[in-house]
Every structure is written in structure tokens, then in C-alpha cells.
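Here's the structure, in C-alpha cells; my notes come after.
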Amino acid sequence: MDARLTRRATLLGVTAAAATLPSLRALAQAPAGSAPQSTVDITKARTDPIPIAIPNMPGSRGADIAQVISNDLRSSGLFRPVDNAAFIQSAAAASAQPNFQDWRVIGANALVTGGVSEQGGSLRVEFRLWDVLPGQQIEGTAFTTPSGNWRRVAHQIADAIYARLLGEKGYFDTKIVYVAESGPRDRRVRRLAIMDQDGANNQFLTDGSFQVLSPRFHPNANQIVFMSYQNNQPRVFLFNLGSGRQEVLGQFPGMTLSPRFSPDGGTVVLSYAKGGDANIYAVDLGSRRERQLTSGGGLDVSPCYSPDGSQIVFNSDRGGDQQLYIMSAGGGGARRLSFGRGRYATPVWSPRGDLIAFTRISGGQFGIGVMAPDGRGERILTEGWGMESPTFAPNGRVLAYYRESPARDSRGGGYGARLSQIDIAGFNERQIVTPTDATDPSWSPLLS
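Read in order, the letters of the sequence shown correspond to residues -28 to -1, 1 to 420 in mature numbering (1 follows the signal peptide of the UniProt record, and there is no 0).
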């Protein structure tokens, strides 16, 4: 049973008109069907981050946009933005025509230039990415968006740079929904909250009049499913981010918990606790028909679909100890996945399908780890006094989760719970700043 089983419109900004125009000019594009040129192997970037110069862009919000791009790339641990104090050529001159020798001499391998113009409440943001050594432009894009949407454009530019230089999609233009916790430990207030992946634009979605747990994004990022104790009834709810409308899912007389959407968004899989057992059910969102997927003694909780929707991973104590199991999406054929020392919980499948992340509790320590879908290659990425609930970035490269501290938190009398991120290789662990304690994160798909 999960350690916390009994403990625990325009909000997204995705309606902004951030229209990507065709590439301006790409002098170093690879032939059709081949890998893009000017990319760096990610393994090399982990030990030797890419030095990249990001001058302030001329125009309204240009400096702010450049700063967000720089922060995004630095936070990945795969880029090293060059200190602006080292720049020789001015930002305005570089935007007109880079003097590549000025950028080579300060050690920059890549250079970002651009400009911002504002008219009638809209911004037009142009950017170019240059490979400094050969002096070639390798990417160029323009965005038109409402002025208030400048931060999202910066994330989209950072994604474009990440993809062009590393050869895989970025993850910066995304949201994280989580449980915002405040108050003394014995009287915690738990609200739904949502923010950009870097912690900006934090908003509370519920008022704290009822407790919430385990929110999860819909594949289109416009809906959230979560567990609630509204009216002291443990139920699974759907929350529409556009309208703010909430509705209960299913007619279960007992406790429903640990919900998650299927990859196509048409089904919610959840655990239904009745008596001394908990079994997994699938609820079709169109017909609202319920289908039981597991049965028998034991607690089957925390189900998660594989990216192709063909399998479900979950944790269960059916064998006497809490372990991970995999079964077909239709139920049946469950086989044990985890065999390490300790108890396993909160499994989640990588969007790439190559890994399953989990929480492991062993010897009084919590750990966040990953393993292959066949159970091989188990690795613990980070350990601590209390940590749980991993969630993958949409490119499968980074995990977010929460960790607790045994020391009391001066901001509310509870024990500090903070969101953190870590690369799947186990490096670049960093905290995401939130205005309250934070647990149960869920990473959205790319909003672009």
C-alpha cells in the first residue's frame, strides 16, 4: 500500500497566439533522413556542458526573454551560458551581424541572437542560433504572441535550442501541477496548484476547503484528474483547466485513489479500495463504464499505462511485500517486476517507453530510481529521509519528485516538502522553488 494512501480559462496560457513562422535560414541543415548536424552527444554534455552565449535581445522584454532562455538551458545541466560580462561584441551589433571571432575568443560554441518588437499589444520575437566555430546559422524562428506571453516564447526558444544542439526534444514549454501544502503537520491544508516547469506563474486551483492528492495531467494538458476528500468522501475528480469545472468520476461507494489517464486520454485507470482490498479499475470517460482489471487479496494501487497503452505497471502487496508488477492493459497476466531490497511504490512509465521510475523504501531511506520495463538495470538516482512520486518530463530525460526534510519548516510548522528535479543519469539534482510546501508533482506534455 502506498506510504501516503490515507494521508494524502486560461490557467495554462496555451491559448496564446504563439505562431511559429517558417525557419528564417538554416545554413547547416542535414540532408533529409540524416541526423542534424551541429549536435552534441548528451553523454558528453553531462560532463562538459555546451558553452553558449545568450546576449540580451534588443527591444521590449528582450533582456527578460534572454534571461529565461539562459535559466532554462542552465537548469538542464547540459549547457553553460557564458557570463555576459565576458562579451566583447554588443548585443545590438551581434543581432545585426555576429563577429564570430569575438565569440570564439570567449569560448562560446553557440550563440543566440534576436530582437523583439511590440505593436498593438503583441510581440514579435525573432531568434537565430549560430554555430560559432564555422560561423553558420543553424536555426532561425519568429514568434508572434500577446505581450503578456513573453515568458512562454522564451521557453519555446529554449526548447528549439535544446532540440537543435542535442538532437532530442526539449521540455521547457511545460507545466507542473502539484499539491501545495501549508499549516501545521496535524492540520495540513492541501490545495491543487499549477506553475511553469521553472516555478514561475504559480496559481492555486482550489481554495483549500477540501484536501487533494495525486493530481495527474491529461495528455492534452487541458484537464487534471486527482483524488479529493471533498465532503469527507475520498473520490476521484476531473478538473477542467479552461472552465475550472470539477466533476466526480465514477460511482464507487468506497475509496478511490491514485488515478491516471491513458495515453489517448479516453480512460482513467484508478484503484478502488473496499474492505481490506484495493483493486484496479479502468473508467471509460465517454460512457463512464467501469471495468475491473485486478482481483483477489492484496492492495493493488498506483497504476500507470505504458506509452503505447498496451500495459499497466502498478504496485501491490499481493506477494506479501509491496512490489512492482506489470500486466496487460485489459487486466490479467500480472508478473512481478521488482526484486530489489525494500518496498516499491508510485511507478510511472517514461514517455519514451524505455524506463519505469519508482519510489523505493529500504532501511529507513527513501529513494527515487529507474529500471527497464523488464525489471533489469535498476538504478537509484537519489536517496534521502523522505522522497516520493516521480514524474517524467515529456522527453523522458528529467524526473521531478518531492523530498521532505526532517527539520521543521518555519513557513508553516510542518516538515518542509520541496519539489526537485534530476536527470535520469542521476546528476544535476536541483530544487524547484514554490511559495508553499509542495508534494505529488505531475509534469505536463509539451504545450507547443
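Even for Gly, the Cβ is constructed at its ideal location relative to N, Cα and C. Bear in mind the structure is a predicted one, so any value in this text is a computation, not a measurement.
- Note on residue 238: under 16 other CB atoms within 10 angstroms of its CB, so exposed under the neighbour-count rule.
- In this structure, DSSP gives residue 374 an extended state, which the three-state scheme calls strand.
- Taking C-beta atoms as the reference points, residue 22 and residue 41 fail to come closer than 8 angstroms.
- In chain order, 130, 131, 134, 135 and 367 place their CB closer than 7 angstroms to the CB of residue 142, counting only its own chain and leaving out the 5 sequence neighbours on each side.
- Note on geometry: alpha-carbon atoms of residue 166 and residue 127 lie some 16 angstroms from one another.
- Spatial neighbours of residue 72 in its own chain (CB-CB distance under 6 angstroms, excluding positions within 5 residues in sequence) are listed in chain order as 104 and 107.
- Residue 288 counts as buried, since no fewer than 16 other beta carbons sit within 10 angstroms of its beta carbon.
- The region 140 to 154 makes contact with the region 392 to 411: 3 or more CB pairs, one atom from each, lie closer than 8 angstroms.
- Under the DSSP assignment, residue 141 falls outside any alpha helix (DSSP H); it carries neither an H nor an E label.
- Relative to residue 95, the option among 113, 183 and 121 whose CA is nearest is 121.
- Looking from the CA of residue 259, the closest CA among 267, 273, 274 and 221 belongs to 221.
- For residue 40, the enclosing alpha helix (DSSP H) begins and ends at 34 to 47.
- Between residue 416 and residue 147, the beta carbon gap of about 4 angstroms places them in contact (Cβ cut-off 8 angstroms).
- Residue 295: member of the beta strand (DSSP E) spanning 295 to 300, first to last residue.
- Excluding residues up to 5 positions away in sequence, 152, 176, 178 and 180 lie with their Cβ nearer than 6 angstroms to the Cβ of residue 163 in the same chain.
- Residue range 72 to 76 is occupied by the alpha helix (DSSP H) that includes residue 76, with no beta strand (DSSP E) assigned at that position.
- Here residue 125 has -11, 37, 95, 97, 115 and 117 as same chain residues with Cβ atoms under 8 angstroms from its own Cβ, once five neighbours each way along the sequence are excluded.
- The Cβ neighbour count for residue 198, taken over all protein chains shown within 10 Å, is at least 16; the residue is labelled buried.
- Under DSSP, the beta-bridge partners assigned to residue 87 are 98.
- Around the CB of residue 169, 16 or more other CB atoms lie within 10 Å, so the residue is classed as buried.
- Residue 56 sits in a helix when the DSSP states are folded into three classes.
- Its chain contains 199 and 243 as the residues whose beta carbon lies nearer than 6 angstroms to that of residue 229, once the 5 sequence neighbours on both sides are disregarded; these appear in chain order.
- Looking at the backbone, the Cα of residue 203 and that of residue 157 are separated by about 21 angstroms.
- With respect to the C-alpha of residue 189, the residue from 330, 231 and 250 having the closest C-alpha is 231.
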